[in-house]
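Q:
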Amino acid sequence: MITAYDLLAAHPFMAGIPGEYLARMAHYSHRAVFHAGARIFNEGATANRFWLIREGRVDLDTDVPGRGRVVVESIGAGQVLGWSWLFPPYRWHFGATAPEPVLAVTLDGPGIRRLCADEPELGYDLTTRLMQVVVARMQATRMRLLDLYDTCST
1 MITAYDLLAA HPFMAGIPGE YLARMAHYSH RAVFHAGARI FNEGATANRF
51 WLIREGRVDL DTDVPGRGRV VVESIGAGQV LGWSWLFPPY RWHFGATAPE
101 PVLAVTLDGP GIRRLCADEP ELGYDLTTRL MQVVVARMQA TRMRLLDLYD
151 TCST
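With full-length UniProt numbering applied, the sequence shown covers 1 to 154.
1) Excluding the 5 residues flanking residue 13 on each side, which residues of the same chain have their C-beta closer than 6 Å to its C-beta?
2) With distances taken from CA atoms, which of 139, 32, 27 and 99 is nearest residue 113?
3) Applying the criterion that 16 or more other CB atoms from any shown protein chain within 10 Å of the CB defines a buried residue, is residue 35 buried or exposed?
4) Closer than 7 Å by C-beta to residue 73: which residues in its own chain qualify, once you throw out the five before and the five after it? Chain order, please.
5) Beta-carbon within less than 6 Å of residue 92's beta-carbon, same chain only, minus the 5 sequence neighbours each way: which residues are those?
6) Using 10 angstroms around the beta-carbon of residue 70, count the other beta-carbons present and answer buried if the total reaches 16, otherwise exposed.
7) Would you report the Cα separation of residue 118 and residue 21, rounded to the nearest angstrom?
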């Protein structure tokens, strides 16, 4: 039987994290399945968990007046979904929907925050990894905005 530890150890986001930390994080994690069309979280709602995507795709979206939900990015296998659980005010900046079936590992945000407070080395490592996710998503958003601006100006 595959354990929570095994699932964490196999995910690229967790590569290089020492086994003792993975073992402690496993206490705050479990498998998750989202069916196609499932709403995972809503923009502005309380952010109290995050997911390591194993299979499938998740669309991040934002509500645009007059247009409804607009997809701004897609997250796939090997990526992490959610960073708002780590930074106050712990609210989602986007919404998320599974347009296709998704297999993931769910991690409890408050539990992982407590673990990070108890283990500053782990806290620094996870914060650094999540900030790399934030920066990459900001860069991707910047490129989309530049494309949009270029399209509008021609």
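Cβ coordinates follow ideal geometry from the N, Cα and C atoms, glycine included.
A: Result, derived from the coordinates:
1) Translated into the one-based positions of the sequence shown, residue 13 becomes position 13. Cβ within range, chain order: 52 and 80.
2) By one-based count along the sequence shown, residue 113 stands at place 113. The shortest Cα separation from residue 113 among 139, 32, 27 and 99 belongs to 27.
3) As a position in the sequence shown, residue 35 is number 35, starting the count at 1. Counting C-beta atoms within 10 angstroms of its own C-beta, residue 35 has fewer than 16 neighbours from the protein chains shown and is therefore classed as exposed.
4) Here residue 73 refers to the residue found at position 73 when the sequence shown is read from its first residue. So the qualifying residues of the chain are 60, 137 and 140.
5) Working through the sequence shown from its first residue, we reach residue 92 at position 92. 41, 43, 45, 47 and 84.
6) Position 70 of the sequence shown, counted from the first residue, corresponds to residue 70. Around the C-beta of residue 70, fewer than 16 other C-beta atoms lie within 10 Å, and the residue is accordingly described as exposed.
7) To locate residue 118, count along the sequence shown from 1; it is residue 118. To locate residue 21, count along the sequence shown from 1; it is residue 21. So the alpha carbons of these two residues sit roughly 11 Å apart.
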